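Report on one structure; see the data block that follows.
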Amino acid sequence: MPSSPEQIEERLHAIREWEERYFEDREMETWSVQELQAEALSRLPKKWQEKVIEGVDRFLFYTQSMILNANVQREVEERILATARVFRDDITTITDVRKLTLEQNQFIRMQMVAKQRLFAFGQGGITGFGGPFLLAADLPLLMAINLRTVQLSALAFGYDMRHPAEMMIALKVFEVGSSPSFTQFQGWKALESEKENIVGAFPGFYNGSEQIINEEWLQQPLRQIGKLAMIFMLRKKLIQGVPLIGIAYGAYSNYRLAKQVSDISGVYYEKRYLLERWHEQG
């Protein structure tokens, strides 16, 4: 039996408090930083902005498809199911994971997602060596790692990523989680209505907009480019022959973004899970 109505109500109240604190902190970012990023984007012609958005959307679609069709995906699903069977022996599919209690779903998610933060930390540290190839690969790898974090959060709460609708929603959760902090609240509110875009008569089909990122999201890559420029300048700051400052800066920057995506995706899927349990029991 999943969590009781009292437990669900208590946890939803805690999530509402988290939302107030989290998004209030996001809005504390200085306007000067936002204005500089907006000014930089405004210099890019609208036509080129649209091309960049289209290119990033395509990259995200392809990356997600590659991950979900890889052998590692099946291995992860089997690992989640094996852990879930420790709690209930009637778990046979990912959607059955929703039979667990909230605490059990949270436990599975933490097991899965903790490694992703370490991957981001390690990948950022390697980028900190400042080599041209490492710098060029940083952004695509970081996006793939964080997209994987969203997918794992969904799976841990019993949402099957093979359904087209769940794939689209995961991409939009990634967009919110990786957006500049001052735009996250607006995206978060939009996520709350995403479930309405799942076509009830055809389970798994999606009826919403298929555009993932927008112009404001492009400020995040600008930050990453700024990070790479800093790492490139720090590559000659050696300590015993190793660019330790660049390594530390790259690792911290990537870990910080990974934690942001992990927090957003974890709370989103938990809240969605709780609201669905609430309606089922009410």
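Under this note's numbering, think of the first position of the sequence shown as 688, with each following residue one higher. We put the CB at the ideal spot given by N, CA and C, even for glycine. Quick caveat: nothing in here was measured; it's all calculated off a predicted structure.
Residue i in three-state terms, based on DSSP
i, result
"I767", "helix"
"I813", "helix"
"Y709", "helix"
"Y955", "helix"
"K900", "The residue you asked about is not Lys; residue 900 is Ile in the sequence shown. If DSSP states are grouped into helix, strand and coil, I900 belongs with coil."
"L878", "helix"
"Y846", "coil"
"I778", "coil"
"T717", "Summary for T717: the model assigns pLDDT 49, below 50, so the residue's position carries little reliability; its value from the coordinates is reported in the next sentence. In this structure, T717 counts as coil in the three-state DSSP scheme."
"L699", "helix"
Buried or exposed (CB count within 10 angstroms, at least 16 for buried), residue i
i, result
"F808", "buried"
"P634", "In the structure as shown, the chain starts at 688 and stops at 969, and residue 634 therefore has no counterpart that could be examined."
"W875", "buried"
"A771", "buried"
"S952", "buried"
"V773", "exposed"
"N792", "buried"
"A938", "buried"
"S1003", "Absent from the model: residue 1003. The displayed extent of the chain is 688 to 969, so no value can be given."
"Q947", "buried"
"Q873", "exposed"
"R972", "This structure leaves residue 972 out entirely; the chain is present only between 688 and 969."
"K958", "buried"
Alpha-carbon to alpha-carbon, residue j and residue i
i, j, result
"V954", "I702", "7 Å"
"G933", "Y893", "43 Å"
"I695", "I781", "21 Å"
"G928", "R910", "28 Å"
"E967", "E693", "14 Å"
"S719", "N901", "With a pLDDT of 49 at S719, under the threshold of 50, the modelled position of this residue cannot be trusted, and the question is left open."
"P851", "L699", "27 Å"
"Q810", "A824", "10 Å"
"L925", "I885", "53 Å"
"V880", "G815", "First, the residue type needs correcting, since residue 880 is Ser and not Val in the sequence shown. Taking the straight line joining both Cα atoms gives about 39 Å."
"V863", "E764", "25 Å"
"E737", "T779", "43 Å"
"Y970", "A916", "Absent from the structure is residue 970, since the part of the chain shown begins at 688 and ends at 969."
"M830", "D777", "35 Å"
"A878", "V860", "The sequence given here places Leu at residue 878; Ala does not occur at that position. Answer to the nearest angstrom: the Cα atoms are 7 Å apart."
"A857", "W735", "26 Å"
"E741", "S896", "14 Å"
"R708", "E883", "27 Å"
"Q751", "Y942", "21 Å"
"K786", "F746", "34 Å"
"F919", "P732", "27 Å"
"A769", "A757", "19 Å"
Own chain residues within Cβ distance below 8 Å of residue i, not counting five before or after
i, result
"P819", "none"
"E704", "none"
"I767", "I781, V784, I795, M799, L842 and A843"
"I754", "Q760, A831, L834, R835 and Q838"
"L921", "G815, G817, P930, I932, G933 and Y936"
"K923", "P930"
"F710", "Q871, F872 and W875"
Neighbourhood of residue i by C-beta distance below 7 Å, restricted to the same chain and skipping five residues each side
i, result
"Q907", "S865, S866 and P867"
"D744", "Q898, I899 and I900"
"I840", "Strictly speaking, residue 840 in this sequence is Ser, with Ile absent from that position. If we look at S840 and ignore the five residues flanking it on each side, its Cβ neighbours are R796, V800, S952, G953 and Y956."
"S940", "G811 and K914"
"L821", "I813 and T814"
"A945", "Q803, R804, A807, I832, N833 and T836"
"V739", "L905"
"M848", "L755, Q838, A841, L842, M854 and A857"
Contacts around residue i, its chain only, beta-carbon distance under 6 Å, and the 5 residues preceding and following it disregarded
i, result
"E903", "T870"
"Y846", "E853"
"L826", "Q911"
"F806", "I832"
"M855", "Y893"
"Y960", "F844"
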